[in-house]
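Visitor: Attaching a single structure in structure tokens format; questions to follow.
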């Protein structure tokens with residue numbers, strides 16, 4: 001079965017002179033969550049709201065679907081392409097650059113800008129907390145909690161989020177090419193979730209959102225899903241995609257240590 005998803009009312013048709021913004025939702029999320037972002041961008045950009053069944057395939061499978069979708073769209077009309085992602089959608093995008101996306105974008109990749117909102121680029125310590133070895137209590141209880149989490153997350157990309165360690169994500173994702181400008185928007189509600197070490201948005205730790213290359217960063221005092229509906233975030237996305245600087249420049253040669 002083709003990995004390419006059908007076009008729908010969630011996406012606009014190519015318009016003369018407009019650049020394209022591809023949206024990608026997070027794990028267990030959906031395109032509906034990104035409609036406020038799509039609406040805020042629609043006057044200035046064409047919008048393609050990419051959807052995928054997050055539990056139904058691996059990280060590589062989702063990334064290849066994204067590559068195929070962008071390739072199909074550019075086959076209809078050549079456009080500069082930007083990306084806005086939420087949560088696991090950022091991991092899917094990051095991995096897509098290693099799975100052929102750069103070739104699809106071609107020379108226009110130097111014009112591409114990416115906004116990643118709350119991306120768990122080191123995997124999710126919240127999900128890893130449900131590994132049997134990280135749970136306390138009798139074996140029967142630990143195993144039951146672990147298996148319940150596995151059932152919810154599924155056996156594909158959800159299992160990867162739960163079972164793979166940060167080093168696996170570092171090796172798998174590689175580095176987004178330097179010619180592509182990236183803004184990471186992370187949420188911070190302090191030590192909101194005791195299952196995440198340190199500052200987080202309740203789902204993803206602030207340290208887990210750090211790219212292993214130079215990028216722009218903006219921290220917003222908002223929880224993981226509410227980031228999608230916050231005026232500061234919506235305005236920052238538009239401003240950055242217009243070619244402006246947003247937030248602070250951050251540079252780190254290696255990924256942070258995350259447990």
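In full-length UniProt numbering, the protein residues as written are 1 to 259. All residues carry an ideal CB built from backbone N, CA and C; glycine is no exception.
1. So which of 148, 188, 81 has the shortest CA-CA distance to residue 206?
2. Would you decide whether residue 323 is buried or exposed? Buried here means 16 or more other CB atoms lie within 10 Å of its CB.
3. Classify residue 84: buried if its beta carbon has 16 or more other beta carbons within 10 angstroms, exposed otherwise.
4. Given this structure, state the Cα-to-Cα distance separating residue 184 from residue 132, to the nearest angstrom.
5. Three or more beta-carbon pairs under 8 Å between the stretch 171-184 and the stretch 102-114, yes or no?
6. Taking 6 Å as the limit between beta carbons, can you name the residues of its chain near residue 120, skipping five residues before and five after?
7. Considering Cα atoms alone, identify which of 214, 91, 201 is closest to residue 161.
8. Less than 8 Å between the CB atoms is what I'm expecting for residue 54 and residue 27, so what's the real figure, rounded?
9. Counting along the chain, where does the beta strand (DSSP E) carrying residue 45 start and finish?
10. Comparing C-alpha positions only, which one of 198, 173, 79 sits nearest to residue 59?
11. Can you tell me the Cα-Cα spacing of residue 112 and residue 137, whole angstroms?
12. Going by DSSP, which residues form a beta bridge with residue 113?
13. Nearest-angstrom Cα distance between residue 175 and residue 109?
Guide: Looking at the atomic coordinates:
1. As a working note, residue 206 is residue 206 in the chain shown. Of the candidates 148, 188, 81, the one whose C-alpha sits nearest the C-alpha of residue 206 is 188.
2. There is no way to answer for residue 323, as the model of the chain reaches only from 1 to 259.
3. Against the chain shown, residue 84 aligns to sequence position 84. Buried is the call here.
4. One-based indexing of the chain shown puts residue 184 at position 184. One-based indexing of the chain shown puts residue 132 at position 132. Approximately 32 Å between the Cα atoms of the pair.
5. Yes, the stretch 171-184 is in contact with the stretch 102-114.
6. Translated into positions along the chain shown, residue 120 becomes position 120. Taking residue 120 as the centre and dropping the five residues before and after it, the same chain places the C-beta of 204, 208 closer than 6 Å to its C-beta, in chain order.
7. Taking the first residue of the chain shown as 1, we reach residue 161 at position 161. Ranking the options by Cα distance to residue 161, first place goes to 91.
8. As a first step, residue 54 must be located in the chain shown, where it is residue number 54. As a first step, residue 27 must be located in the chain shown, where it is residue number 27. The distance from the Cβ of residue 54 to that of residue 27 is about 5 Å, consistent with a contact at the 8 Å cut-off.
9. One-based indexing of the chain shown puts residue 45 at position 45. Looking at the DSSP string, the run of the beta strand (DSSP E) that includes residue 45 is 45-50.
10. On the chain shown, position 59 is the one that residue 59 refers to. When only C-alpha atoms are compared, the closest one is 173.
11. As a first step, residue 112 must be located in the chain shown, where it is residue number 112. As a first step, residue 137 must be located in the chain shown, where it is residue number 137. For the pair residue 112 and residue 137, the Cα-to-Cα distance works out to about 49 Å.
12. Mapped onto the chain shown, residue 113 falls at position 113. DSSP links residue 113 through a beta bridge to 181.
13. As a working note, residue 175 is residue 175 in the chain shown. As a working note, residue 109 is residue 109 in the chain shown. The straight-line gap separating the alpha-carbon atoms of residue 175 and residue 109 is approximately 14 Å.
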